[in-house]
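Notes follow the structure.
Protein chains: 2
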Amino acid sequence: MYGTIRIERNEQGKAIPAAEQSLGFGRYFTDHMLLVDYEEGKGWHDPRIVPYAPLSLDPAAMVFHYGQAVFEGLKAYHCVDTGEVRIFRPDQNAKRLNRSNERLQMPLLDEDFFVNAIQALVRLDAKWVPQKKGASLYIRPFVIATEAGLGVRSSSRYLFVVILSPVEAYYDEGLKPINILVENHYARAVQGGIGDAKAAGNYAASLKAQALAKEKGCAQVLWLDAIEKAHLEEVGSMNVFFRIGREVITPSLSGSILAGITRDSIIQLLCDWGVPVTERKISIAEIVQAYEEGTLEEAFGTGTAAVVSPIGSLLWGEKQMDIQGGGIGELTQKLYDAVTGIQSGSLPDSRGWMVSC
Amino acid sequence: MYGTIRIERNEQGKAIPAAEQSLGFGRYFTDHMLLVDYEEGKGWHDPRIVPYAPLSLDPAAMVFHYGQAVFEGLKAYHCVDTGEVRIFRPDQNAKRLNRSNERLQMPLLDEDFFVNAIQALVRLDAKWVPQKKGASLYIRPFVIATEAGLGVRSSSRYLFVVILSPVEAYYDEGLKPINILVENHYARAVQGGIGDAKAAGNYAASLKAQALAKEKGCAQVLWLDAIEKAHLEEVGSMNVFFRIGREVITPSLSGSILAGITRDSIIQLLCDWGVPVTERKISIAEIVQAYEEGTLEEAFGTGTAAVVSPIGSLLWGEKQMDIQGGGIGELTQKLYDAVTGIQSGSLPDSRGWMVSC
Ligand SMILES: Cc1ncc(COP(=O)(O)O)c(C=O)c1O
Ligand SMILES: Cc1ncc(COP(=O)(O)O)c(C=O)c1O
Chain P
36 MYGTIRIERN EQGKAIPAAE QSLGFGRYFT DHMLLVDYEE GKGWHDPRIV PYAPLSLDPA
96 AMVFHYGQAV FEGLKAYHCV DTGEVRIFRP DQNAKRLNRS NERLQMPLLD EDFFVNAIQA
156 LVRLDAKWVP QKKGASLYIR PFVIATEAGL GVRSSSRYLF VVILSPVEAY YDEGLKPINI
216 LVENHYARAV QGGIGDAKAA GNYAASLKAQ ALAKEKGCAQ VLWLDAIEKA HLEEVGSMNV
276 FFRIGREVIT PSLSGSILAG ITRDSIIQLL CDWGVPVTER KISIAEIVQA YEEGTLEEAF
336 GTGTAAVVSP IGSLLWGEKQ MDIQGGGIGE LTQKLYDAVT GIQSGSLPDS RGWMVSC
Chain W
36 MYGTIRIERN EQGKAIPAAE QSLGFGRYFT DHMLLVDYEE GKGWHDPRIV PYAPLSLDPA
96 AMVFHYGQAV FEGLKAYHCV DTGEVRIFRP DQNAKRLNRS NERLQMPLLD EDFFVNAIQA
156 LVRLDAKWVP QKKGASLYIR PFVIATEAGL GVRSSSRYLF VVILSPVEAY YDEGLKPINI
216 LVENHYARAV QGGIGDAKAA GNYAASLKAQ ALAKEKGCAQ VLWLDAIEKA HLEEVGSMNV
276 FFRIGREVIT PSLSGSILAG ITRDSIIQLL CDWGVPVTER KISIAEIVQA YEEGTLEEAF
336 GTGTAAVVSP IGSLLWGEKQ MDIQGGGIGE LTQKLYDAVT GIQSGSLPDS RGWMVSC
């Protein structure tokens with residue numbers, strides 16, 4: 036498509052963190068990175084895998100000024116069945132990256148190229164994929180505007196980059212419920228905005244509310260819609276699900292939240308299991324009512340980093356609502372086990388989600 | 036404050052564009068730039084003026100992923116009275132940059148340092164300040180997150196950069212009215228969001244609507260509030276003013292628009308002149324009504340780039356509203372002449388807006 040990927044090997048190589056070493060998240064990076072240039076008229080060109088190294092950008096590069104920057108996040112796993120390295124649903128990240136590109140007036144990438152290029156990069160750095168249970172190789176593709184020029188407009192040049200980071204299991208010793216603050220002052224996104232794109236600017240917009248939530252002992256913020264401040268949107272970098280009685284509910288893709296790939300996977304699993312799951316508007320008032328009636332059975336977040344994250348309590352103004360007595364719901368645990376089982380190769384992958392390198 | 040500014044001169048120097056050469060906007064950059072590092076625990080340090088050159092950043096630098104990037108824009112002029120170079124209201128940009136920093140969880144800069152550092156940089160590159168009427172040296176300060184690490188949180192490291200670009204008068208041959216599209220689908224910002232910060236992400240969010248407006252023959256978009264889609268906000272990178280009958284109205288600083296420094300200057304001038312000016316909510320319905328009653332006398336945008344920009348027509352759905360028959364209002368022209376007169380040194384600066392280098 037864009038020509039063959041040229042490979043310049045990193046001959047030195049860095050020390051791979053030892054198995055007993057704490058990896059954290061996004062702290063270590065592998066030996067190589069993928070780069071592809073875009074220029075108006077010429078398209079995407081010169082795909083290359085090169086030693087991981089700083090990027091050199093003009094101080095007038097538009098990414099610094101006008102925020103054309105979108106990214107993705109996915110993971111590769113060392114699978115216990117065959118010992119192969121496999122990536123979770125990379126085609127979905129390719130599609131979503133293009134939706135982000137489109138929204139921010141950035142050029143689309145060929146989706147097959149996206150997957151193939153990531154496979155090639157992960158293959159080359161395969162020894163960096165951790166083997167510890169639950170650990171994985173986090174893959175971070177991103178696109179940034181590189182034209183040097185001021186004046187608000189789309190850049191005529193871009194750089195597509197993929198970097199890799201070995202990361203720990205989010206929950207090292209079993210799932211741990213988190214406290215969530217329902218945010219009723221700050222907004223992250225609004226209908227007509229870019230909340231459904233994975234754009235860098237959305238995250239900067241979320242940091243202040245996030246910091247205030249931490250001060251109140253909450254790990255994350257649950258956003259309300261910016262217009263009515265009534266309907267639930269998503270949590271930090273996770274989508275959110277509630278089980279009220281027998282119904283599982285997740286906010287519909289209203290245009291202001293990200294279409295999570297974990298969210299989609301969870302919905303598919305629930306459907307397969309015959310558990311009623313509804314994508315619809317859900318208000319904080321409905322949650323409060325369910326809580327008071329004793330039917331708010333479970334709540335959890337879903338995202339690539341944590342996979343499934345049980346919500347132990349919701350703080351809404353002065354009101355603290357504990358869920359499952361702050362423990363872990365049965366369905367939450369079952370979903371976590373199912374998704375991580377498929378990812379690690381300990382459960383069969385009947386949906387073809389895993390892609391070998 | 037942060038230690039003395041170390042200066043490393045650019046011994047080669049670039050060719051300065053000739054007087055008859057078209058400068059455009061933000062296309063040429065001067066010989067030097069200012070850099071200051073920030074590190075948690077250490078604060079801002081190592082201020083230095085160095086030859087203009089690419090920045091080297093880790094591919095995991097947070098600015099690329101989570102959008103912590105804020106900027107300012109101001110101008111230095113070659114003044115016709117004494118031949119001095121003077122900067123327009125830099126103290127106001129220092130204040131606004133800090134409001135942006137604060138909103139995006141970024142470290143504040145000492146405001147006196149901001150002004151002094153810019154003075155020093157402009158002084159060193161003073162020969163780049165164009166002398167042509169209306170031309171100026173555009174100053175672009177910005178702050179970006181430089182910590183290498185993934186995971187959504189505030190960066191622990193930042194870089195403050197100032198670059199300079201000689202720019203043409205926006206209106207080379209007298210003011211020229213522009214057509215504006217009133218945007219009723221896309222949103223740029225919302226109450227509780229970061230629309231009142233000069234954050235890079237806000238501009239990426241505006242590009243698509245901007246491109247669609249261009250297709251309809253409009254130069255810019257006039258945003259409506261994202262909640263009711265009823266009240267006027269601002270235009271692209273300008274604030275907006277309307278004269279209805281004898282009253283001049285500009286949207287109040289609701290939290291979702293930028294507090295323009297030109298806007299503030301215009302309000303001060305109007306007050307001094309005894310022209311009634313009101314900062315308040317103003318709806319598109321009110322504009323349509325005034326248009327139909329024949330009392331919509333003038334409309335203009337205000338911003339550092341164009342100073343004052345007459346609006347010749349507003350397109351609102353199918354409705355095209357011409358203002359001043361597509362010509363230039365008397366007050367619009369008078370304000371343009373007054374501000375540019377003070378900036379160029381041809382009119383007295385009774386308010387102390389101009390700061391010598
Ligand atoms: C804002 C936001 N919402 C939801 C998600 C979950 O998406 P996914 O399941 O694809 O990781 C993420 C993380 O990527 C996110 O950043
Ligand atoms: C979004 C936005 N609104 C308004 C303005 C006008 O502000 P100022 O007059 O300070 O240039 C600008 C330009 O800086 C802007 O980017």
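In order, the protein sequence lines correspond to chains P and W. Following our numbering, the numbering of the first sequence begins with 36 at its first residue and continues without gaps. Following our numbering, the numbering of the second sequence begins with 36 at its first residue and continues without gaps. We put the CB at the ideal spot given by N, CA and C, even for glycine. As the structure is a computational prediction, the values presented were derived from the model and not from experiment.
Residue interval of the beta strand (DSSP E) (run including W/Q355): Stepping through the second sequence from its first residue, residue 355 of chain W is reached at position 320. Its beta strand (DSSP E) spans residues 354-357.
Check: P/I296 C-beta below 8 Å from any heavy atom of ligand 3: Ligands present in the displayed structure are limited to ligand 1 and ligand 2, and ligand 3 is not among them.
Buried or exposed (CB count within 10 angstroms, at least 16 for buried), P/K110: For the purposes of this step, residue 110 of chain P is identified with residue 75 of the first sequence, where counting begins at 1. With 16 or more Cβ atoms within 10 Å of its Cβ, P/K110 is classed as buried.
Under 8 Å by beta carbon: chain W residues contacting P/H220: Walking along the first sequence from the start, residue 220 of chain P turns up at place 185. Neighbours of P/H220 on chain W, chain order: G227.
Selection from P/Y101, P/Y193, P/E282 that minimises the alpha carbon distance to P/P142: Taking the first sequence and counting its residues from 1, one reaches residue 142 of chain P at position 107. Nearest of P/Y101, P/Y193, P/E282 to P/P142, Cα basis: P/Y193.
Continuous alpha helix (DSSP H) stretch holding W/H100: start and end: Position 65 of the second sequence, counted from the first residue, corresponds to residue 100 of chain W. Element bounds for W/H100: 98-101.
The segment 52-72 of chain W in contact with the segment 200-211 of chain P per 3-pair CB rule at 8 Å: A contact between stretches requires three or more CB pairs, one per stretch, nearer than 8 Å, and the segment 52-72 of chain W fails this requirement with the segment 200-211 of chain P.
Where W/W308 falls, given that 16 or more other Cβ within 10 Å makes a residue buried: Stepping through the second sequence from its first residue, residue 308 of chain W is reached at position 273. Exposed: under 16 other Cβ atoms inside 10 Å.
W/G360 - DSSP class collapsed to helix/strand/coil: Here residue 360 of chain W refers to the residue found at position 325 when the second sequence is read from its first residue. In the structure shown, W/G360 sits in a helix (DSSP, three-state: H, G or I).
Under 8 Å (Cβ pairs) to chain W, residues found in the segment 64-84 of chain P: Among the residues of the segment 64-84 of chain P, those with a Cβ less than 8 Å away from any Cβ of chain W are F64, M68, in the order of the chain.
Given 8 Å, three or more beta-carbon pairs between the segment 151-164 of chain P and the segment 190-206 of chain P: Three or more Cβ pairs closer than 8 Å define a contact, and the segment 151-164 of chain P meets that threshold against the segment 190-206 of chain P.
Any non-hydrogen atom of ligand 1 within 8 Å of P/R131 CB: Here residue 131 of chain P is taken as the residue at index 96 of the first sequence, counted from 1. Yes, ligand 1 has a heavy atom inside 8 Å of this Cβ.
Beta-carbon proximity check, P/V374 vs P/I122, cutoff 9 Å: Taking the first sequence and counting its residues from 1, one reaches residue 374 of chain P at position 339. Taking the first sequence and counting its residues from 1, one reaches residue 122 of chain P at position 87. Using a Cβ distance threshold of 9 Å, P/V374 and P/I122 do not count as a contacting pair.
Below-9 Å beta-carbon distance, P/D93 vs any chain W residue: For this step, residue 93 of chain P is matched to residue 58 along the first sequence. For P/D93, the answer is yes, since a Cβ of chain W falls inside 9 Å of its Cβ.
C-alpha distance - P/D81 paired with P/I40, whole-angstrom precision: For the purposes of this step, residue 81 of chain P is identified with residue 46 of the first sequence, where counting begins at 1. For the purposes of this step, residue 40 of chain P is identified with residue 5 of the first sequence, where counting begins at 1. So the two alpha carbons sit approximately 7 Å from each other.
Those runs of the beta strand (DSSP E) which lie wholly inside the segment 314-355 of chain P and span at least 3 residues: 331-338, 342-351
Helix, strand or coil at P/P125 according to DSSP, with G and I counted as helix: Reading the first sequence from its first residue, position 90 is the one you call residue 125 of chain P. The answer is helix: DSSP assigns P/P125 an H, G or I state.
CB-CB length for W/V115 against W/S379, believed under 8 Å: Position 80 of the second sequence holds residue 115 of chain W. Position 344 of the second sequence holds residue 379 of chain W. With 8 Å as the limit, W/V115 and W/S379 qualify as a contact, their Cβ atoms being about 6 Å apart.
Cβ neighbours of P/L185 in the same chain (closer than 7 Å, five flanking residues each side left out): As a working mapping, residue 185 of chain P is identified with position 150 in the first sequence. Excluding positions up to five away in sequence, the list reads A95, H100.
Heavy atom of ligand 2 within 8 Å of W/A340 beta-carbon: Sequence index remark: in the second sequence, residue 340 of chain W carries index 305 (1-based). The answer is yes for W/A340.
Rounded C-alpha distance that separates W/G48 from P/R188: If you number the second sequence from 1, residue 48 of chain W lands on position 13. If you number the first sequence from 1, residue 188 of chain P lands on position 153. Approximately 29 Å, taken between the alpha carbons.
Buried versus exposed, by CB contacts within 10 Å (16 or more), P/Q303: Walking along the first sequence from the start, residue 303 of chain P turns up at place 268. Burial is judged here by how many other beta carbons sit within 10 angstroms of a residue's own beta carbon; P/Q303 has fewer than 16 and is exposed.
C-alpha gap between W/T330 and W/L267, whole angstroms: For the purposes of this step, residue 330 of chain W is identified with residue 295 of the second sequence, where counting begins at 1. For the purposes of this step, residue 267 of chain W is identified with residue 232 of the second sequence, where counting begins at 1. So the two alpha carbons sit approximately 18 Å from each other.
Distance between W/S57 and P/P165 (C-alpha atoms, nearest Å): Taking the first residue of the first sequence as 1, we reach residue 165 of chain P at position 130. Taking the first residue of the second sequence as 1, we reach residue 57 of chain W at position 22. Distance between the alpha carbons of P/P165 and W/S57: 56 Å.
P/V187: contacting residues in chain W (beta-carbon distance under 8 Å): To locate residue 187 of chain P, count along the first sequence from 1; it is residue 152. Residues of chain W passing the Cβ test: Y238, S241, L242, Q245, G271, S272.
Residues near P/R138 by beta carbon distance below 6 Å, same chain, minus five either side: Numbered from its first residue, the first sequence carries residue 138 of chain P at position 103. Once the five neighbours on either side are set aside, the close Cβ partners of P/R138 are I229, A232.
Any chain W beta carbon closer than 9 Å to P/S200: By one-based count along the first sequence, residue 200 of chain P stands at place 165. P/S200 counts as touching chain W.
P/T337: CB within 8 Å of a non-hydrogen atom of ligand 1: If you number the first sequence from 1, residue 337 of chain P lands on position 302. Checking the Cβ of P/T337 against ligand 1 gives yes.
Rounded separation between P/S289 and W/N214 - CA only: In the first sequence, the residue the question calls residue 289 of chain P occupies position 254. In the second sequence, the residue the question calls residue 214 of chain W occupies position 179. Going by the C-alpha atoms only, they are around 32 Å apart.
Member of P/A88, P/K168, P/W163, P/F177 whose CA lies at the smallest distance from the CA of P/R131: Locating residue 131 of chain P in the first sequence gives position 96, where the first residue counts as 1. Comparing Cα-Cα distances from P/R131 to each of P/A88, P/K168, P/W163, P/F177, the minimum goes to P/F177.
Stretch-stretch touch, CB-based, cutoff 8 Å, three pairs: the segment 263-283 of chain W with the segment 308-317 of chain W: In short, these stretches touch, since the Cβ pair count reaches three.
Ligand 1 heavy atom lying under 8 Å from the CB of P/M389: Here residue 389 of chain P is taken as the residue at index 354 of the first sequence, counted from 1. Incorrect: P/M389 has no Cβ contact closer than 8 Å to ligand 1.
Reference W/E15, options W/L366, W/G295, W/I84, W/L293, closest by Cα: The requested residue 15 of chain W does not occur in the structure, where chain W is confined to residues 36 to 392.
Distance cut-off 8 Å: W/N274 Cβ against heavy atoms of ligand 2: In the second sequence, residue 274 of chain W corresponds to position 239, counting from 1. Correct: W/N274 has its Cβ closer than 8 Å to ligand 2.
W/R308, enclosing alpha helix (DSSP H) - first and last residue: For the purposes of this step, residue 308 of chain W is taken as the residue at position 273 of the second sequence. Looking at the sequence provided, one finds Trp at residue 308 of chain W rather than Arg. First-last of the alpha helix (DSSP H) with W/W308: 296-308.
P/V337 vs P/N274 beta-carbon contact at 9 Å: Counting from 1 along the first sequence, the entry for residue 337 of chain P is found at position 302. Counting from 1 along the first sequence, the entry for residue 274 of chain P is found at position 239. It should be noted that the sequence gives Thr, not Val, for residue 337 of chain P. In this structure, P/N274 lies closer than 9 Å to P/T337 by Cβ.
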